[in-house]
Amino acid sequence: IETLSVSARPYYLPREFSHVLVTTVYIPPSAKTTQATEILSKHISDLNSISPDTLHIINGDFNHVPRALAGFKLYQPVTCQTRNNKTLDLCFTSSEEAYHCTQLAPLGKSDHYLVLLRPRYTPLARREPPVKKTVLAWTADAWETLRASLECTHWSVFVNSTQDMSELADTIAFPNKRDNDIKSIHKEVRATIRQGKESYRRKIEKYFKNNDMRKVWQGMNLMVGCEGKKGNNSVEGDEGYANDLNKFYARFDCHDFVQEREECKSALLESFLHDRERIVIDTSEVRKAMLALKPNKAPGPDGVKPSVLKKCATERYNV
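For reference, each letter of the sequence shown is one residue, going 8 to 326 in the numbering used here.
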């Protein structure tokens, strides 16, 4: 068989298509049905794998193999007869409502009728109703109001009202013998994991419905933990080399380091208890850290966005 594929990017193209891929096919009458179907199917499958989001148009003379592309999700807009009482010249598209077919007179002395395909595709932006979304936008006046509110706040009222730091801070760790709190956290984590798995399952099913096989295989490989081909990490060596490695890594097993370990532990503990009161945090370092935050990052456990901390660093660094 003969095939020719051309990739094009028109000036105007609906946003749901990355580009247009046009394939012309000619199957001679002497071609075998099985071999012609196999060759054409492999060619179209390779093109779909390379460009899954393209508008694929396949036309040509299929002769006695009209169902050569029956295994693909393609649509046939040619509904009229193209030669005598048979439909030999076919056109397949990846969009269901791409063209409207009209039969015309033959060109010159040709024994095939001309077929006019008039576009009738409606872009996705016109088919779906507009969606209204509310986005919180911080204006310059809003930032100035927030800074003024933080600047005139008397933080000493909160600090001097208690003698325990625990009353002014939230704990993110649980001490021993509080199994109920740990169980509740584990329950929330398991519920969140189940929601994430369900969301990812719907995402993979959406790729199946859209016939996006590349994204499907990427998602399946991620789910099963299948990675790409790894290099050969084998190490050349004989039995003597292996014995040398064992002797090197087991060199500490021939001596008991209990006394040295206890001395090192005592020295570290004494140094920690002696120097723990010397930890001082400078307000300039806090301000520098707040100004270095990236505004587009996700908020922390307290729900405060990094953009707010960065914009209000001058008013909040000394709190």
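By construction, the Cβ of each residue, glycine as well, lies at the ideal position given by its N, Cα and C atoms. Bear in mind the structure is a predicted one, so any value in this text is a computation, not a measurement.
Residue range of the alpha helix (DSSP H) that includes TYR19: Note, TYR19: premise wrong, no alpha helix (DSSP H); not H, not E.
I'd like the ranges of any beta strand (DSSP E) spanning at least 3 consecutive residues and lying wholly in the stretch 35-123. 62-68, 96-100 and 106-111
So, using beta-carbon positions, are MET32 and ILE8 closer together than 8 Å? The displayed chain sequence assigns Val, not Met, to residue 32. For VAL32 and ILE8, yes; Cβs fall inside 8 Å.
If ILE46 sits next to PHE79, beta carbons under 8 Å apart, how far is it from one beta carbon to the other, in whole angstroms? With 8 Å as the limit, ILE46 and PHE79 do not qualify as a contact, their Cβ atoms being about 14 Å apart.
Look at GLU302 and SER314 and say whether their C-beta atoms are less than 8 Å apart. Correcting the residue type first, residue 302 is Pro in the shown sequence and not Glu. Yes, the pair counts as a contact, with Cβ atoms nearer than the cut-off.
Where PHE24 and ILE64 are concerned, what is the direct C-alpha to C-alpha distance, given to the nearest angstrom? 12 Å
Compare the Cα-Cα distances from LYS39 to each of PRO21, PHE69 and ARG16 and report the closest residue. PHE69
Could you tell me the alpha carbon to alpha carbon distance between LEU95 and GLU135, rounded to whole angstroms? CA-to-CA, the gap between LEU95 and GLU135 works out to about 36 Å.
Tell me whether CYS98 is buried or exposed, calling it buried when 16 or more other Cβ atoms sit within 10 Å of its Cβ. buried
CB SER14 to CB HIS26, shorter than 8 Å? Going by C-beta atoms, SER14 is nearer than 8 Å to HIS26.
With DSSP run on the structure shown, which of helix, strand or coil describes PRO302? coil
Quick check: the Cα distance between VAL265 and PHE259, rounded to an integer number of angstroms? 12 Å
How about GLY203 and TYR214: are their beta carbons less than 8 Å apart? Taking 8 Å as the Cβ cut-off, GLY203 and TYR214 do not qualify as a contacting pair.
Do you know how far the Cα of THR89 is from the Cα of GLN83? 14 Å
Are the CB atoms of ALA132 and LEU121 within a distance shorter than 8 Å? no
Could you tell me how far apart the beta carbons of THR109 and LEU123 are, in whole angstroms, since I believe they sit closer than 8 Å? A Cβ-Cβ distance of about 4 Å is found for the pair THR109 and LEU123, placing them in contact under the 8 Å criterion.
Residues bridged to SER12 by DSSP? THR30
Going by DSSP, which residues form a beta bridge with PRO126? TYR106
Kindly list the residues whose CB is nearer than 6 Å to the CB of SER48, restricted to its own chain and excluding five residues on each side of it in sequence; keep chain order. Cβ within range, chain order: n/a, list empty.
Neighbour-count burial assignment, THR44, 16 or more Cβ in a 10 Å radius: buried
Taking Cβ positions, are MET297 and ALA274 nearer each other than 8 Å? In this structure, ALA274 does not lie closer than 8 Å to MET297 by Cβ.
According to DSSP, is THR146 helix, strand or coil? coil
On the CB-based measure, 16 or more other CB atoms within 10 Å of its CB, does ILE34 come out buried or exposed? buried
Just the C-alpha distance for SER37 and LEU229, rounded to the nearest angstrom, thanks. 46 Å
For TRP224, three-class secondary structure by DSSP: helix
When you compare each of GLY247, THR41, HIS281 and ASP53 to SER74 by their alpha carbons, which one comes out closest? Here residue 74 turns out to be Arg, not Ser, going by the sequence shown. When GLY247, THR41, HIS281 and ASP53 are compared, the shortest CA-CA separation from ARG74 is found for THR41.
With burial defined as no fewer than 16 other Cβ atoms inside 10 Å of the residue's Cβ, what is the status of VAL72: buried or exposed? buried
If I measure Cβ to Cβ from PRO21 and keep anything under 8 Å in the same chain, skipping five residues before and after, which residues do I get? Contacts found: TYR128, PRO130, LEU131 and ALA132.
List the endpoints of the continuous alpha helix (DSSP H) containing ALA132. 131-134
Consult DSSP for SER168 and reduce its assignment to one of helix, strand or coil. coil
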